[in-house]
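Number of protein chains: 2
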Amino acid sequence: AKQKDIIPQAHIAHYDLNQLQSTQDAAVNKEQVLILTPMQTFHQEYWNNLLQLTYPRDLIELGFIIPRSKSGDVAIKLLEKEVKKIQTDKKETRFHKITILRQDSESFNELGEKERHAMAVQKERRSKMALARNELLFSTIGPYTSWVLWMDADIVESPSSLIQDLTQHNKPVLAANIYQRFYNDELNKKDQRPYDFNNWAESSTALELANSLGPDEIILEGYAEMATYRPLMAYFYDPKGPVTATMDLDGVGGGCTLVKAEVHRDGAMFPNFPFYHLIETEGFAKMAKRLGYQITGLPNYLVYHIEE
Amino acid sequence: AKQKDIIPQAHIAHYDLNQLQSTQDAAVNKEQVLILTPMQTFHQEYWNNLLQLTYPRDLIELGFIIPRSKSGDVAIKLLEKEVKKIQTDKKETRFHKITILRQDSESFNELGEKERHAMAVQKERRSKMALARNELLFSTIGPYTSWVLWMDADIVESPSSLIQDLTQHNKPVLAANIYQRFYNDELNKKDQRPYDFNNWAESSTALELANSLGPDEIILEGYAEMATYRPLMAYFYDPKGPVTATMDLDGVGGGCTLVKAEVHRDGAMFPNFPFYHLIETEGFAKMAKRLGYQITGLPNYLVYHIEE
Ligand SMILES: Nc1nc2c(ncn2[C@@H]2O[C@H](COP(=O)(O)OP(=O)(O)O)[C@@H](O)[C@H]2O)c(=O)[nH]1
Ligand SMILES: Nc1nc2c(ncn2[C@@H]2O[C@H](COP(=O)(O)OP(=O)(O)O)[C@@H](O)[C@H]2O)c(=O)[nH]1
Ligand SMILES: [Mn+2]
Ligand SMILES: [Mn+2]
Chain A
82 AKQKDIIPQA
92 HIAHYDLNQL
102 QSTQDAAVNK
112 EQVLILTPMQ
122 TFHQEYWNNL
132 LQLTYPRDLI
142 ELGFIIPRSK
152 SGDVAIKLLE
162 KEVKKIQTDK
172 KETRFHKITI
182 LRQDSESFNE
192 LGEKERHAMA
202 VQKERRSKMA
212 LARNELLFST
222 IGPYTSWVLW
232 MDADIVESPS
242 SLIQDLTQHN
252 KPVLAANIYQ
262 RFYNDELNKK
272 DQRPYDFNNW
282 AESSTALELA
292 NSLGPDEIIL
302 EGYAEMATYR
312 PLMAYFYDPK
322 GPVTATMDLD
332 GVGGGCTLVK
342 AEVHRDGAMF
352 PNFPFYHLIE
362 TEGFAKMAKR
372 LGYQITGLPN
382 YLVYHIEE
Chain B
82 AKQKDIIPQA
92 HIAHYDLNQL
102 QSTQDAAVNK
112 EQVLILTPMQ
122 TFHQEYWNNL
132 LQLTYPRDLI
142 ELGFIIPRSK
152 SGDVAIKLLE
162 KEVKKIQTDK
172 KETRFHKITI
182 LRQDSESFNE
192 LGEKERHAMA
202 VQKERRSKMA
212 LARNELLFST
222 IGPYTSWVLW
232 MDADIVESPS
242 SLIQDLTQHN
252 KPVLAANIYQ
262 RFYNDELNKK
272 DQRPYDFNNW
282 AESSTALELA
292 NSLGPDEIIL
302 EGYAEMATYR
312 PLMAYFYDPK
322 GPVTATMDLD
332 GVGGGCTLVK
342 AEVHRDGAMF
352 PNFPFYHLIE
362 TEGFAKMAKR
372 LGYQITGLPN
382 YLVYHIEE
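Protein sequence lines correspond, in order, to chains A and B.
Under full-length UniProt numbering, the residue at position 286 of the first sequence is numbered 367, and the numbers go up by one with no gaps.
Under full-length UniProt numbering, the residue at position 131 of the second sequence is numbered 212, and the numbers go up by one with no gaps.
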């Protein structure tokens with residue numbers, strides 16, 4: 082699993098991709114994990130959560146892509162401050178490498194949670210997100226990367242063993258279930274609710290719908306005006322079931338999804354054009370399937386999205 | 082265009098993709114070119130041709146991917162010898178970086194030119210080539226790469242100003258015309274003939290053909306049993322015309338094709354599954370078009386494939 086440079090002093094790097102592994106014993110086998118985060122807003126809670134992960138830091142690379150927008154200007158300053166702090170602190174607590182990219186492609190204007198989710202703006206928004214994710218992926222994945230963990234910048238709470246837990250399943254593509262904590266005014270207590278509806282299994286209704294669409298039309302999950310009757314992982318959470326329970330999926334979100342690097346290396350990316358009527362992370366899942374990989378979800382393994 | 086590391090000593094790399102350029106004055110603007118070559122056989126003529134290119138070497142990175150096969154074992158030894166020679170020679174003549182990958186995905190057994198081109202084996206062969214190209218691309222493209230030049234290992238002759246000539250057109254995807262020198266027994270003299278038929282423009286016949294195909298069937302160019310009547314760039318060579326003449330294309334080969342890095346970074350890769358009934362480099366061209374880019378060919382700009 083360890084890669085070596087044959088004559089590094091002369092800028093020759095030699096890698097045997099066949100020796101590069103992604104196994105269920107990732108940390109023991111010293112497998113390199115690349116955490117990729119598109120970031121419009123820097124949340125201190127995201128960063129704190131990242132720092133409490135227990136996977137060995139010298140095996141973690143971070144990659145960020147930040148939009149050219151006002152909110153991006155703010156985010157990059159805050160991020161750089163934290164990055165500098167950790168990477169200039171003692172050697173043992175540094176990440177292997179951190180890459181910060183400023184986005185080339187146009188970004189979508191900041192919108193509130195409601196507007197952002199309005200179906201009309203979603204197609205354009207998600208197609209731009211697809212380009213941002215591709216720019217980030219292509220620029221940071223290396224010949225030594227074993228795993229890519231897609232984690233959105235507004236994921237603020239996860240088990241500290243997140244990477245060990247996910248890699249242990251040894252799946253090509255594996256999505257955690259994304260919930261949101263909130264204060265339930267009716268019940269007058271703290272509560273949680275499903276947040277991400279991009280993790281789903283295919284339904285015959287959605288397939289029929291797809292057949293009825295023009296070649297460039299897309300299906301977006303989570304909209305009443307386009308009922309797909311797809312089984313959504315968000316609703317399969319069983320607090321009494323084992324956290325290791327899995328379910329087969331056909332679409333995933335990018336909130337907290339672990340991908341074997343070979344899946345991306347084989348070509349799986351985030352289409353910004355309709356791919357089987359799907360785009361971005363959902364299009365990625367379909368592409369991974371076309372490349373012969375299985376998509377899996379962990380309905381009882383929760384991570385939390387910030388409440389806005 | 083120069084990229085800078087903010088705090089390199091602490092493993093933080095900062096890149097503004099918006100500042101990264103690919104222009105018609107590539108060498109003057111110090112734009113980094115990544116030459117990518119899948120290599121089953123090492124030909125000394127290929128290497129010699131590479132060394133006679135006049136684009137500044139410190140702006141060139143080389144990336145190779147070599148199959149796990151007997152012929153690959155031989156190729157890697159020969160390649161490594163040459164690489165070591167050049168990279169340990171004086172600093173001024175070294176390439177910026179050279180990455181040699183041993184292929185993870187299965188490779189196709191070596192075949193002669195005739196068998197290799199038989200239509201029945203092409204689908205499998207080209208689908209494996211697609212994976213090799215993706216592995217190579219994803220592992221080597223960096224946030225500082227401006228251009229990617231795809232050059233097959235059996236391209237043995239090109240103008241020494243190849244990179245300057247191609248970048249000067251400032252096109253997202255630009256294919257040279259691939260010919261082959263041979264001894265014409267009938268005319269009893271040295272001659273040349275068209276070699277690569279993967280550079281083509283779409284035809285209505287091919288589009289109708291595509292419509293008649295099942296979702297997983299593919300069209301392969303250059304086979305009598307599947308006549309597409311596509312205009313093939315190979316036949317548009319006009320020895321009296323200007324070498325800078327361009328033509329619009331829809332499909333390309335990977336023999337000698339220059340791509341702006343942003344096209345790949347937006348997500349354009351080599352599908353190993355039918356994409357609009359196309360795979361590998363031809364599927365790549367279609368994907369680049371779907372991402373909004375134009376495909377261009379240079380019918381009068383010749384580079385030469387080895388004669389086997
Ligand atoms: N680079 C980049 N990141 C963005 C952009 N818009 C949103 N993001 C980030 O992408 C991720 C998903 O976006 P978000 O708006 O949270 O989507 P939602 O949670 O599905 O509503 C988050 O990490 C955002 O910070 C953008 O235009 N460019
Ligand atoms: N990595 C890798 N390279 C290959 C393999 N097969 C062929 N190549 C290389 O891919 C390029 C195109 O292949 P080639 O057989 O020449 O195709 P043709 O010229 O279109 O007949 C050449 O550079 C070959 O050396 C393979 O299985 N793996
Ligand atoms: Mn979010
Ligand atoms: Mn060839």
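Ideal placement from N, C-alpha and C gives every residue a C-beta, glycine not left out.
Chain A beta carbons: is any one of them nearer than 9 Å to that of residue 177 of chain B?
-> For the purposes of this step, residue 177 of chain B is taken as residue 96 along the second sequence, with counting starting at 1. Against chain A, the CB of residue 177 of chain B has a partner CB under 9 Å away; the residue lies at that interface.
Please name the residue in A:139, A:313, A:257 whose C-alpha comes closest to that of residue 284 of chain A.
-> In the first sequence, counting from the first residue as 1, residue 284 of chain A sits at position 203. If we check each option's Cα against that of residue 284 of chain A, A:313 comes out closest.
Using only the heavy atoms of ligand 4, determine whether one of them is closer than 8 Å to the beta carbon of residue 303 of chain B.
-> As a first step, residue 303 of chain B must be located in the second sequence, where it is residue number 222. Incorrect: residue 303 of chain B has no Cβ contact closer than 8 Å to ligand 4.
Does the beta-carbon distance from residue 345 of chain B to residue 168 of chain A come in below 9 Å?
-> Looking up residue 345 of chain B in the second sequence gives position 264. Looking up residue 168 of chain A in the first sequence gives position 87. Not in contact: residue 345 of chain B and residue 168 of chain A (Cβ atoms no closer than 9 Å).
Shortest alpha-carbon distance to residue 369 of chain B belongs to which of B:353, B:388, B:333, B:386?
-> The residue given as residue 369 of chain B occupies position 288 in the second sequence. Residue 369 of chain B has its Cα closest to that of B:333, out of B:353, B:388, B:333, B:386.
With DSSP as the reference, label residue 218 of chain A as helix, strand or coil.
-> Walking along the first sequence from the start, residue 218 of chain A turns up at place 137. The answer is helix: DSSP assigns residue 218 of chain A an H, G or I state.
Is it the case that the Cβ atoms of residue 144 of chain B and residue 98 of chain B are separated by a distance below 9 Å?
-> For the purposes of this step, residue 144 of chain B is identified with residue 63 of the second sequence, where counting begins at 1. For the purposes of this step, residue 98 of chain B is identified with residue 17 of the second sequence, where counting begins at 1. Contact flag unset, no.
Pairing CB atoms from the stretch 160-177 of chain A with CB atoms from the stretch 196-209 of chain A, are three or more of them under 8 Å?
-> no
Roughly how many angstroms lie between the CA atoms of residue 302 of chain A and residue 363 of chain A, to the nearest whole one?
-> Locating residue 302 of chain A in the first sequence gives position 221, counting from the first residue. Locating residue 363 of chain A in the first sequence gives position 282, counting from the first residue. The alpha-carbon atoms of residue 302 of chain A and residue 363 of chain A are separated by roughly 9 Å.
Validate contact between the stretch 292-306 of chain A and the stretch 380-388 of chain A using beta carbons, cut 8 Å, 3 pairs = Of all C-beta pairs linking the stretch 292-306 of chain A to the stretch 380-388 of chain A, fewer than three are shorter than 8 Å, placing the two stretches out of contact.
Can you tell me which of the three DSSP states residue 127 of chain A falls into?
-> Locating residue 127 of chain A in the first sequence gives position 46, where the first residue counts as 1. Residue 127 of chain A falls in the helix class under three-state DSSP.
Check each residue's C-beta against every heavy atom of ligand 4 and list, in chain order, those closer than 7 Å.
-> B:233, B:235, B:336, B:386
Which chain B residues sit within Cβ distance under 8 Å of residue 94 of chain A?
-> Counting from one through the first sequence, the residue named residue 94 of chain A turns up at place 13. Within 8 Å Cβ-Cβ: 178, 179, 180, 181.
Beta-carbon of residue 346 of chain B versus every beta-carbon of chain A: anything under 9 Å?
-> Your numbering for residue 346 of chain B matches position 265 in the second sequence. Closer than 9 Å to some Cβ of chain A, the Cβ of residue 346 of chain B qualifies, so yes.
Taking C-beta pairs closer than 7 Å, name the residues in chain A that residue 219 of chain B reaches, listed in chain order.
-> Within the second sequence, residue 219 of chain B is the residue found at index 138, counting from 1. For the C-beta of residue 219 of chain B, the chain A residues within less than 7 Å are, from N- to C-terminus, 219, 222, 345, 346.
Beta-carbon proximity list for residue 186 of chain A, same chain, < 7 Å, skipping 5 on both sides = Taking the first residue of the first sequence as 1, we reach residue 186 of chain A at position 105. Cβ neighbours of residue 186 of chain A beyond the five flanking positions: 209, 212, 213, 216.
To which residues of the same chain is residue 139 of chain A closer than 7 Å at the C-beta, ignoring the five residues directly before and after it?
-> The count along the first sequence starts at 1 and reaches residue 139 of chain A at position 58. Close CB contacts of residue 139 of chain A within its chain, under the 7 Å cut and outside five residues either way in sequence, are with 177 (chain order).
Just to confirm, are residue 384 of chain B and residue 259 of chain B a CB contact at a threshold of 9 Å?
-> Position 303 of the second sequence holds residue 384 of chain B. Position 178 of the second sequence holds residue 259 of chain B. Yes, the Cβ-Cβ distance between residue 384 of chain B and residue 259 of chain B is below 9 Å.
At least 3 beta-carbon pairs within less than 8 Å: the stretch 281-298 of chain B vs the stretch 250-267 of chain B = no
Skipping 5 residues on each side, what residues in its chain have a beta carbon closer than 7 Å to that of residue 254 of chain B?
-> Sequence index remark: in the second sequence, residue 254 of chain B carries index 173 (1-based). Only 333, 338, 340, 344, 366, 369, 374, 376, 377 meet the Cβ criterion.
What do you get for residue 379 of chain A, buried or exposed, if any count of 16 or more other CB atoms within 10 angstroms of its CB means buried?
-> Locating residue 379 of chain A in the first sequence gives position 298, counting from the first residue. That one is buried.
8 Å contact criterion, which residue 147 of chain B and residue 175 of chain B should meet: CB distance rounded = In the second sequence, the residue the question calls residue 147 of chain B occupies position 66. In the second sequence, the residue the question calls residue 175 of chain B occupies position 94. Wrong, their Cβ atoms sit about 21 Å apart, outside the cutoff.
My understanding is that residue 348 of chain B touches residue 263 of chain A, with C-beta atoms under 8 Å, so please give their C-beta distance in whole angstroms.
-> Your numbering for residue 348 of chain B matches position 267 in the second sequence. Your numbering for residue 263 of chain A matches position 182 in the first sequence. Not confirmed; about 35 Å, so no contact.
Leaving out the 5 sequence neighbours to the left and right, which residues in its chain are closer than 7 Å to residue 311 of chain B when beta-carbon positions are compared?
-> Your numbering for residue 311 of chain B matches position 230 in the second sequence. Counting only Cβ-Cβ distances below 7 Å, and skipping sequence neighbours, we find 281, 282, 283, 284, 287, 302.
Under 9 Å between C-beta atoms of residue 108 of chain B and residue 127 of chain B = As a working mapping, residue 108 of chain B is identified with position 27 in the second sequence. As a working mapping, residue 127 of chain B is identified with position 46 in the second sequence. Not in contact: residue 108 of chain B and residue 127 of chain B (Cβ atoms no closer than 9 Å).
Buried or exposed: which applies to residue 89 of chain B, given that a residue is buried once 16 or more other Cβ atoms fall within 10 Å of its Cβ?
-> Taking the second sequence and counting its residues from 1, one reaches residue 89 of chain B at position 8. In this prediction, residue 89 of chain B scores a pLDDT of 45, lower than 50, which makes its location untrustworthy; the coordinate-derived value is nonetheless stated afterwards. It is exposed - the Cβ of residue 89 of chain B has fewer than 16 other Cβ atoms within 10 Å.
Report the three-state DSSP secondary structure of residue 212 of chain A (helix, strand or coil).
-> Here residue 212 of chain A refers to the residue found at position 131 when the first sequence is read from its first residue. Three-state DSSP puts residue 212 of chain A in a helix.
Chain A contacts made by the stretch 182-216 of chain B, where a contact means CB separation under 9 Å = 182, 183, 184, 185, 186, 211, 212, 214, 215, 216
Interface residues of chain A facing residue 352 of chain B [CB-CB closer than 7 Å] | Here residue 352 of chain B is taken as the residue at index 271 of the second sequence, counted from 1. In chain order: 348.
Any C-beta of chain A under 9 Å from that of residue 246 of chain B = As a working mapping, residue 246 of chain B is identified with position 165 in the second sequence. So, not an interface residue.
Mind pulling the chain A residues with CB within less than 8 Å of residue 99 of chain B?
-> As a first step, residue 99 of chain B is located in the second sequence; it is residue number 18 there, counting from the start. 149, 183, 184, 185, listed in chain order.
For residue 86 of chain A, I'd like the list of residues in its chain whose CB is within less than 8 Å of its CB, leaving aside the five on either flank, ordered along the chain.
-> Locating residue 86 of chain A in the first sequence gives position 5, counting from the first residue. The predicted model places residue 86 of chain A with a pLDDT of 36, which falls under 50 and marks its position as unreliable; any figure quoted below should be read in that light. These residues qualify, in order along the chain: 93, 94, 95.
Taking residue 359 of chain A as the query, report the chain B residues whose CB atoms sit under 7 Å from its CB, ordered along the chain.
-> Residue numbering aside, residue 359 of chain A sits at position 278 when the first sequence is read from its first letter. Among the residues of chain B, none has a CB under 7 Å from the CB of residue 359 of chain A; the nearest is roughly 14 Å distant.
When the Cα atoms are used, what is the spatial distance from residue 193 of chain B to residue 381 of chain A?
-> Position 112 of the second sequence, counting from 1, holds the residue named residue 193 of chain B. Position 300 of the first sequence, counting from 1, holds the residue named residue 381 of chain A. If you take the alpha carbons of residue 193 of chain B and residue 381 of chain A, they lie about 54 Å apart.
Contact list for residue 132 of chain A against chain B, beta-carbon separation under 7 Å | Numbered from its first residue, the first sequence carries residue 132 of chain A at position 51. Correct list: empty, because the minimum Cβ distance to chain B is about 16 Å.
Mapping DSSP to helix, strand and coil, what is residue 334 of chain A?
-> Taking the first residue of the first sequence as position 1, residue 334 of chain A is located at position 253. DSSP places residue 334 of chain A in coil when its eight states are reduced to three.
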